[in-house]
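Undergrad: Have a look at this one.
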Amino acid sequence: MRAVLLKLALPALFLLAAASAQGYDVDTLRAIEIASEHPVIAASLQQNRGYTSDAYDAQDRYGLWRVDFTNVYGDVFAWAQVHLAEQRIVAWEADAGLTDAEYAEAEEKLLAFLRYDPEFLAFGGDIDEHFWTWVGYESWRDTWVVHVERGTDSLVVTLRSENAWQRSLDDLSILQIRSTGLVGVSDWRSMRGSDAIALAFTDPRIVSAVRGREGWTASAQELDRSLWHVVFMWEGQSLAEVEVDLAVGTLSIAD
1391 MRAVLLKLAL PALFLLAAAS AQGYDVDTLR AIEIASEHPV IAASLQQNRG YTSDAYDAQD
1451 RYGLWRVDFT NVYGDVFAWA QVHLAEQRIV AWEADAGLTD AEYAEAEEKL LAFLRYDPEF
1511 LAFGGDIDEH FWTWVGYESW RDTWVVHVER GTDSLVVTLR SENAWQRSLD DLSILQIRST
1571 GLVGVSDWRS MRGSDAIALA FTDPRIVSAV RGREGWTASA QELDRSLWHV VFMWEGQSLA
1631 EVEVDLAVGT LSIAD
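Per my numbering, the sequence shown starts with residue 1391, numbered consecutively.
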């Protein structure tokens, strides 16, 4: 832990030297220093060379200061609300991505954790069974994510370290394992209905029924988990009605 804090303290020292050169008073300097010591903000500062910092006393009932960090393009990439009397940050936002070296370390440690974690093994099986993986750090909620690409069986694993807001890869635990194949219920019904219509249209009798009838339409209604009722219409007239079983891929055309 000491090594991490010393490493993160270095940008703050350079920041204070730069801020002092701009003629800030002691309170402004201290507010900027407190903000810059947050691990995620510190990481973001390291990735935005040439940034500037500024702060003001809101003089509100909460005793807050606002600190902004601005990149060379004039965009605020990190900010914090600092309670100066209590020497702490009460709110902040910063986007700190991963350098190539940090990404390589994160990928190695996260996959190594999932390779032996009982929860992942029971649900997701072998982590090395994939087409590719991608890892990232979500700075807004202090979580790590691992995308395990397996086609329709792909997973996204969200993890968090017990060492809060340190971007730590130690003492990890899984928060959730999400399957990317599960869409919203409404979208799922729409997709299944489209599948039922497509299956019904594979029958030559349906093709014949709609041939030459420009502007025909088709609708599908769910009867059961896999059973759908498909109706082909043209100018208010029913051309054909089909019962489709998506589970076994069969259909039955009504007389």
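All C-beta atoms, glycine included, are put in the ideal place defined by N, C-alpha and C.
Being a predicted model, the structure only gives us computed values, none of them experimental.
Which residue spans inside the stretch 1406-1474 form an unbroken alpha helix (DSSP H) run of at least 4?
TA: Segments of the alpha helix (DSSP H) lying fully in the stretch 1406-1474: 1416-1426, 1429-1436.
Undergrad: Which residue wins for smallest C-alpha separation from THR1570, given the options VAL1525, THR1542, ALA1590?
TA: Of VAL1525, THR1542, ALA1590, the residue nearest in Cα terms is THR1542.
Undergrad: So what's ARG1550 in DSSP terms, helix, strand or just coil?
TA: Strand.
Undergrad: Buried or exposed for PRO1594, please, with buried defined as at least 16 other CB atoms from any protein chain shown within 10 angstroms of its CB.
TA: Exposed is the call here.
Undergrad: Excluding sequence positions up to five away, which residues of its chain have a Cβ less than 6 Å from the Cβ of ALA1646?
TA: Given a span of 1391 to 1645 for the chain in the structure shown, any question on residue 1646 remains unanswerable.
Undergrad: State buried or exposed for ALA1502, treating a residue as buried only when at least 16 other CB atoms are found within 10 Å of its CB.
TA: Classification for ALA1502: exposed.
Undergrad: Put TRP1606 into one of helix, strand or coil per three-state DSSP.
TA: Coil.
Undergrad: Hey, out of THR1640, PHE1622, ASP1485, ASP1447, whose CA is closest to ILE1431's CA?
TA: The option with the nearest alpha carbon to ILE1431 is ASP1485.
Undergrad: Which of helix, strand or coil does DSSP assign to GLU1476?
TA: Residue state, collapsed to three classes: coil.
Undergrad: Can you list, in chain order, the residues of its chain whose CB lies under 6 Å from that of THR1548, leaving out five sequence neighbours each side?
TA: Excluding sequence neighbours, THR1548 sits near THR1533, VAL1535, LEU1565, GLN1566.
Undergrad: According to DSSP, simplified to helix, strand and coil, what is LEU1396?
TA: Since pLDDT at LEU1396 reaches only 30, below the 50 mark, its modelled position is unreliable, and the value read off the structure follows with that caveat. If DSSP states are grouped into helix, strand and coil, LEU1396 belongs with the helices.
Undergrad: From VAL1416, LEU1500, LEU1559, GLU1631, pick the residue whose C-alpha is nearest to that of ALA1475; which is it?
TA: Ranking the options by Cα distance to ALA1475, first place goes to VAL1416.
Undergrad: CB-CB under 6 Å to ASN1438, same chain, minus the five flanking residues each way: which ones, in chain order?
TA: Taken in chain order, the residues that qualify are ASN1461, PHE1467.
Undergrad: Using CA coordinates, which residue listed in ARG1456, GLU1625, GLU1631, TRP1530 is at the minimum distance from GLN1556?
TA: Taking only the C-alpha atoms, the option nearest GLN1556 is TRP1530.
Undergrad: Going by beta carbon distance, what residues of the same chain come within less than 7 Å of LEU1504, once the five residues before and after it are set aside?
TA: The answer, listed in chain order, is PHE1510, ILE1517, VAL1536, VAL1547.
Undergrad: Give the DSSP-derived three-state secondary structure of VAL1573 in the structure shown.
TA: Here VAL1573 sits in coil by DSSP.
Undergrad: Taking the alpha carbon of GLY1626 as the reference point, which residue from THR1640, GLU1528, THR1607, VAL1472 has its own alpha carbon closest?
TA: Minimum Cα distance to GLY1626 is reached at THR1607.
Undergrad: For MET1542, does the three-state DSSP call read helix, strand or coil?
TA: Rather than Met, the amino acid found at residue 1542 in this sequence is Thr. Residue state, collapsed to three classes: helix.
Undergrad: Name, in chain order, the residues that DSSP records as bridge partners for ILE1564.
TA: BP columns for ILE1564 point to LEU1549.
Undergrad: Leaving out five residues on either side along the sequence, give the residues of the same chain with a beta carbon under 6 Å from the beta carbon of ILE1479.
TA: These residues qualify, in order along the chain: HIS1428, ALA1470, VAL1472.
Undergrad: Taking VAL1597 as part of the alpha helix (DSSP H), name the residues at either end of that continuous run.
TA: Taken as a continuous stretch (DSSP letters only), the alpha helix (DSSP H) holding VAL1597 covers 1594-1600.
Undergrad: If we call anything under 8 Å between Cβ atoms a contact, is SER1563 one with ARG1579?
TA: Taking 8 Å as the Cβ cut-off, SER1563 and ARG1579 do not qualify as a contacting pair.
Undergrad: Can you tell me the Cα-Cα spacing of ALA1644 and VAL1632, whole angstroms?
TA: Each residue's alpha carbon lies about 6 Å from the other.
Undergrad: Return the first residue and the last residue of the beta strand (DSSP E) that ALA1630 is part of.
TA: Note, ALA1630: beta strand (DSSP E), 1627-1635.
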